[in-house]
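Residue numbers (the working numbering): 16 to 165.
C-beta: ideal position from N, C-alpha, C; glycine also.
Scroll down for the structure; my scribbles are underneath it.
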Ligand code: HEC
């Protein structure tokens with residue numbers, strides 16, 4: 016007879032996790048918004064590389080990164096949920112995110128429009144113009160609603 020412990024060991028990890036049910040969250044809102052923002056930062060890094068001439072301009076690469084950035088932003092913005100003001104893990108979101116929802120919404124809309132404008136560009140000149148607007152939109156929110164990492 017095979018012992019239950021042996022069966023558990025041979026079961027794929029994912030099957031075990033699935034068995035715990037869909038309500039078993041692997042991450043909370045802080046992790047989710049930071050992961051979303053990391054994805055945004057990664058796409059921004061790709062844009063910066065093109066702008067600096069470290070990578071050639073490629074409309075398809077720009078579009079791919081703009082789409083990834085949009086998804087990351089949506090994930091981040093959906094996770095400034097009440098009750099997630101304090102970690103762990105350490106969060107750099109300022110209290111104003113929760114006390115000034117209208118201001119945050121406005122900053123989010125500016126950023127979402129800026130990414131959409133980037134996704135719609137088809138040439139290098141348009142890319143550069145869109146990148147300037149995009150950079151401003153990050154700063155606009157971060158200066159008001161994010162503490163710098165020490
Ligand atoms: C509407 C507000 C808002 C906008 C717009 C915004 N961010 Fe953020 N971002 C935040 C907040 C708040 C945090 C801190 C989240 C936390 O620690 O809980 C953050 C964190 C980050 C981080 C750190 C993620 C980590 O934990 O490692 C990066 C990178 C980042 N943002 C990049 C960007 C870039 C690039 C843009 C523009 C393309 C942008 N963000 C636009 C609010 C915003």
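Cβ neighbours of residue 52 within its own chain (closer than 6 Å, five residues either side excluded): 91. Runs of the alpha helix (DSSP H) lying entirely within the segment 128 to 162, each at least 4 residues long, are 139 to 160 in chain order. In the DSSP assignment, residue 115 falls outside any alpha helix (DSSP H) and carries neither an H nor an E.
For the options 139, 145, 120 and 140, the alpha carbon positioned closest to that of residue 131 is the one of 145. By the Cβ neighbour-count rule, residue 68 is exposed, with fewer than 16 other Cβ atoms within 10 Å of its own.
By the C-beta density criterion, residue 152 is buried, having at least 16 other C-beta atoms within 10 angstroms.
Residue 158 and residue 98 have their C-alpha atoms roughly 22 Å apart. For residue 93, DSSP assigns no beta-bridge partner whatsoever.
The three-state secondary structure of residue 50, taken from DSSP, is helix. Set against 7 Å, the gap from the CB of residue 93 to the closest heavy atom of the ligand HEC is not smaller.
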